[in-house]
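Novice: Got a structure for you, questions after.
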Amino acid sequence: QCLHKPLVLHSDNGAPMKAQTMKAKLEELGVLPSYSRPRVSNDNAFAESAFKTLKTEGFPVDGFATLAEAQGWVQQFTEWYNHEHRHSALRYITPSQRHNGEAKGILAQRRAVFEAAKQRHPERWSGDIRKLCLPEIVHLNPERDPVPQAAGF
Numbered sequence: 003q004c005l006h007k008p009l010v011l012h013s014d015n016g017a018p019m020k021a022q023t024m025k026a027k028l029e030e031l032g033v034l035p036s037y038s039r040p041r042v043s044n045d046n047a048f049a050e051s052a053f054k055t056l057k058t059e060g061f062p063v064d065g066f067a068t069l070a071e072a073q074g075w076v077q078q079f080t081e082w083y084n085h086e087h088r089h090s091a092l093r094y095i096t097p098s099q100r101h102n103g104e105a106k107g108i109l110a111q112r113r114a115v116f117e118a119a120k121q122r123h124p125e126r127w128s129g130d131i132r133k134l135c136l137p138e139i140v141h142l143n144p145e146r147d148p149v150p151q152a153a154g155f
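Using this note's numbering, the letters of the sequence shown map in sequence onto residues 3 to 155.
Structure follows, in structure tokens:
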């Protein structure tokens, strides 16, 4: 007798995936539902955001004819994503600019442009210029409350 692992469908906590109709269909098919946990890096919004970008940046509607074609597309997408795509979370610089040390200079130059524009036309500004700095440390799953450290550590 073979023992089979049950099929599992993992999804976010969105209403369509938790709807009674979907739950009934999963049960009928013998599929176990699984839902994202809050603040867990491998099932959170970071992956959702990456997939959204992947789907909206030319992913072929009809798929790929070969594995090599799919691998080539993913390679080109990765190059574009890291070296050309300006990320909103990175203040519209590329990941490669962030990693190779160019980000601070680019953002300083942008700050100078915004400050000069504000000086020329202060009536166009209701407050301070845009926030143009990047965090020094980024956490995928930041603690909500600081974790107390034992003495001596």
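Think of the CB as a built atom: it goes at the ideal place given N, C-alpha and C, for glycine as much as any other residue.
Could you tell me the distance, in whole angstroms, from the CA atom of Pro-8 to the CA atom of Arg-132?
Specialist: For this step, residue 8 is matched to residue 6 along the sequence shown. For this step, residue 132 is matched to residue 130 along the sequence shown. Roughly 50 Å separates the two Cα atoms.
Novice: State the DSSP-derived secondary structure class of Leu-69, mapped to helix, strand or coil.
Specialist: Taking the first residue of the sequence shown as position 1, residue 69 is located at position 67. In the structure shown, Leu-69 sits in a helix (DSSP, three-state: H, G or I).
Novice: From Phe-61, Tyr-94, Ala-110, Ala-67, pick the residue whose C-alpha is nearest to that of Phe-79; which is it?
Specialist: For the purposes of this step, residue 79 is taken as the residue at position 77 of the sequence shown. Residue Phe-61 is the option with its Cα nearest to Phe-79.
Novice: Nearest-angstrom Cα distance between Glu-68 and Thr-58?
Specialist: Residue numbering aside, residue 68 sits at position 66 when the sequence shown is read from its first letter. Residue numbering aside, residue 58 sits at position 56 when the sequence shown is read from its first letter. Looking at the sequence shown, residue 68 is not Glu but Thr. Distance between the alpha carbons of Thr-68 and Thr-58: 21 Å.
Novice: Apart from the five residues just before and just after Arg-113, which ones in its own chain have a Cβ nearer than 8 Å to its Cβ?
Specialist: Mapped onto the sequence shown, residue 113 falls at position 111. Hits under 8 Å: Ile-131, Leu-134.
Novice: Mapping the DSSP letters down to three states, classify Ser-13 as helix, strand or coil.
Specialist: As a first step, residue 13 is located in the sequence shown; it is residue number 11 there, counting from the start. Here Ser-13 sits in strand by DSSP.
Novice: Can you give me the Cβ contacts of His-12 inside the same chain, cut-off strictly under 6 Å, excluding the 5 residues immediately before and after it?
Specialist: Within the sequence shown, numbered from 1, the residue matching residue 12 stands at position 10. So the list reads Ser-36, once near-sequence residues are dropped.
Novice: Straight-line CA distance for His-89 to Glu-81?
Specialist: Here residue 89 corresponds to residue number 87 of the sequence shown, with the count starting at 1. Here residue 81 corresponds to residue number 79 of the sequence shown, with the count starting at 1. C-alpha separation (whole angstroms): 14 Å.
Novice: In chain order, what residues of the same chain have a beta carbon less than 8 Å from the beta carbon of Glu-50, not counting five sequence neighbours either side?
Specialist: Residue mapping note: residue 50 aligns to position 48 of the sequence shown, counting from 1. Contacts found: Asp-14.
Novice: Taking the straight line between their C-alpha atoms, what separation do you get for Ser-38 and Gly-74?
Specialist: The residue you call residue 38 lines up with position 36 of the sequence shown. The residue you call residue 74 lines up with position 72 of the sequence shown. Their Cα atoms are separated by approximately 31 Å.
Novice: Cα separation between Glu-125 and Lys-27?
Specialist: Numbered from 1 along the sequence shown, position 123 holds the residue referred to as residue 125. Numbered from 1 along the sequence shown, position 25 holds the residue referred to as residue 27. Approximately 59 Å between the Cα atoms of the pair.
Novice: Leu-34 lies in the beta strand (DSSP E); which residues open and close that run?
Specialist: Within the sequence shown, residue 34 is the residue found at index 32, counting from 1. 33 to 37 is the extent of the beta strand (DSSP E) around Leu-34.
Novice: Assign Ala-70 to one of two classes, buried (16 or more other C-beta atoms within 10 Å of its C-beta) or exposed (fewer than that).
Specialist: The count along the sequence shown starts at 1 and reaches residue 70 at position 68. So Ala-70 counts as exposed.
Novice: So Gln-99 and Ile-108 are supposed to be a Cβ contact under 8 Å. How far apart are they, rounded?
Specialist: What you label residue 99 is simply residue 97 of the sequence shown in a count that begins at 1. What you label residue 108 is simply residue 106 of the sequence shown in a count that begins at 1. The pair is a contact, with the Cβ atoms about 6 Å apart (cut-off 8 Å).
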